[in-house]
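Numbering (this note's numbering), first residue to last: 31 to 287.
Just so it is clear, CB atoms sit at the ideal spot from N, CA and C, and this is done for glycine as well.
Notes follow the structure.
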Amino acid sequence: MKHKNKTILVTASAKRLGKLIATDLVKAGWGVAIHYNKSKQLGEETANELLKIGGKVTLHQADLSITSDIEKIIKDLEEQDLIWAGLINNAGYFKYDNGVSFDTISLHNHMSVNFTAPTILTQALAKYTLNFQKKKKKTQGFVINIIDAKVFGLNPDYYTYTLSKQAMYGLTKMSALTYSSCLRVNGIAPGITLLAPGQDEKEFIKSHKKNLLKSSSTVEEILNTIKLIIHSKSMTGHVILLDGGAHLAPPRRDVGL
Numbered sequence: 031m032k033h034k035n036k037t038i039l040v041t042a043s044a045k046r047l048g049k050l051i052a053t054d055l056v057k058a059g060w061g062v063a064i065h066y067n068k069s070k071q072l073g074e075e076t077a078n079e080l081l082k083i084g085g086k087v088t089l090h091q092a093d094l095s096i097t098s099d100i101e102k103i104i105k106d107l108e109e110q111d112l113i114w115a116g117l118i119n120n121a122g123y124f125k126y127d128n129g130v131s132f133d134t135i136s137l138h139n140h141m142s143v144n145f146t147a148p149t150i151l152t153q154a155l156a157k158y159t160l161n162f163q164k165k166k167k168k169t170q171g172f173v174i175n176i177i178d179a180k181v182f183g184l185n186p187d188y189y190t191y192t193l194s195k196q197a198m199y200g201l202t203k204m205s206a207l208t209y210s211s212c213l214r215v216n217g218i219a220p221g222i223t224l225l226a227p228g229q230d231e232k233e234f235i236k237s238h239k240k241n242l243l244k245s246s247s248t249v250e251e252i253l254n255t256i257k258l259i260i261h262s263k264s265m266t267g268h269v270i271l272l273d274g275g276a277h278l279a280p281p282r283r284d285v286g287l
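So this is what it looks like as structure tokens:
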């Protein structure tokens with residue numbers, strides 16, 4: 031349990047993939063900051079579950095499209111007893127539009143959650159780590175951005191969502207370069223991993239079969255990749271693609287349509 035005094039903020043970690051990431055981190059000995067937006071009950075349930083297995087857990091509510099909410103999370107993390115050591119930008123806004131139908135609200139929502147919030151949180155962790163280095167010079171933080179394999183196999187669907195994830199990819203590169211003295215910044219670009227809301231098992235399996243390897247990313251692969259990034263001290267500015275080869279032969283339309 032060597033990480034017990036260090037905490038990782040996982041955005042959108044009350045449910046689905048974020049909860050699974052947070053649970054795996056706690057099992058590895060990390061403290062975890064659970065973030066939720068509207069899922070208060072699920073956030074509390076997740077926090078209690080992790081506390082029962084011995085985790086050090088804090089719970090944070092924030093609408094990541096509101097700057098003051100993001101700033102409150104940052105302040106809370108800076109004032110806690112645990113050391114803020116890592117950030118996993120898992121939260122995502124995902125709504126269909128295309129290049130003709132999108133409006134400014136859709137563009138704003140996608141960019142706010144998928145790009146602006148991660149940018150602000152990354153800057154905050156960098157400042158926090160630089161200040162901490164004054165006390166302990168060898169300290170280094172890390173950021174892992176959950177992007178999307180779609181960025182590497184483009185089609186025109188989910189237009190502003192895709193733009194926001196492309197921006198997140200650029201953020202991964204730029205922040206790795208900019209904050210190299212205090213942070214390692216990497217990303218994971220998964221393909222279809224979990225059932226989408228309203229999708230049945232048959233459709234889910236069918237979407238996997240469209241890939242070159244007849245399969246896509248799994249939760250276990252993503253968790254293992256997070257561990258790899260955390261422990262690979264020479265890795266920064268890199269995005270690991272987990273999509274069953276879909277980017278090599280991308281569909282003309284999104285597989286969910």
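For residue i, does the count of other Cβ atoms within 10 angstroms reach 16, so buried, or fall short, so exposed?
| i | result |
| --- | --- |
| ILE104 | buried |
| ASP54 | buried |
| ALA77 | buried |
| ASN128 | exposed |
| ASN144 | buried |
| SER43 | buried |
| THR134 | exposed |
Considering only the alpha carbon of each residue, which of the options lies closest to residue i?
| i | options | result |
| --- | --- | --- |
| GLY275 | ALA219, THR192, LYS232, ILE259 | ALA219 |
| VAL40 | GLY200, ALA63, THR149, ALA58 | ALA63 |
| VAL130 | LYS36, VAL143, PRO186 | PRO186 |
| ASN241 | MET204, GLY267, PRO281, GLY122 | PRO281 |
| SER98 | LYS36, ALA58, ILE135, LEU151 | LEU151 |
| LEU184 | ASN35, ALA77, HIS277 | HIS277 |
| THR146 | LEU94, LYS164, ALA179 | LEU94 |
| VAL269 | ALA154, THR223, MET204 | MET204 |
| LYS168 | PHE132, SER210, ALA197, ILE118 | SER210 |
| ILE222 | LEU207, SER246, GLY73, THR208 | SER246 |
Would DSSP call residue i helix, strand or coil?
| i | result |
| --- | --- |
| ILE218 | strand |
| ALA156 | helix |
| THR37 | strand |
| ILE252 | helix |
| PHE145 | helix |
| PHE124 | coil |
| TYR191 | helix |
| GLN65 | Sequence inspection shows His at residue 65; the Gln mentioned does not correspond to that position. Residue state, collapsed to three classes: strand. |
| ALA115 | strand |
| GLN163 | helix |
| GLY85 | coil |
Just to confirm before moving on: does the CB-CB distance between residue i and residue j stay below 8 Å?
| i | j | result |
| --- | --- | --- |
| LEU272 | GLU250 | no |
| TYR191 | LYS125 | yes |
| GLN170 | LEU213 | yes |
| LYS195 | ASP178 | yes |
| VAL215 | THR266 | yes |
| ILE176 | ASN120 | yes |
| LEU80 | TRP114 | no |
| ILE174 | ILE256 | yes |
| ASP284 | TYR189 | no |
Assuming residue i contacts residue j (C-beta within less than 8 Å), just tell me the rounded distance between them.
| i | j | result |
| --- | --- | --- |
| TRP60 | ILE83 | At roughly 12 Å, the Cβ-Cβ gap does not stay under 8 Å, so TRP60 and ILE83 are not in contact. |
| GLN91 | LYS70 | 7 Å |
| LEU201 | PRO148 | 6 Å |
| LYS36 | LEU89 | Contact flag wrong, Cβ pair sits at about 18 Å. |
| LEU253 | LEU117 | Contact doesn't hold; Cβ gap of about 17 Å is too wide. |
Cβ of residue i within 7 Å of any heavy atom in the ligand PLP?
| i | result |
| --- | --- |
| THR190 | In terms of ligand content, the structure shown is empty, and the ligand PLP therefore cannot be addressed. |
So, is the C-beta of residue i closer than 8 Å to a C-beta in chain C?
| i | result |
| --- | --- |
| GLN163 | Judged by its chain identifiers, the structure shown contains no chain C, having just a single protein chain. |
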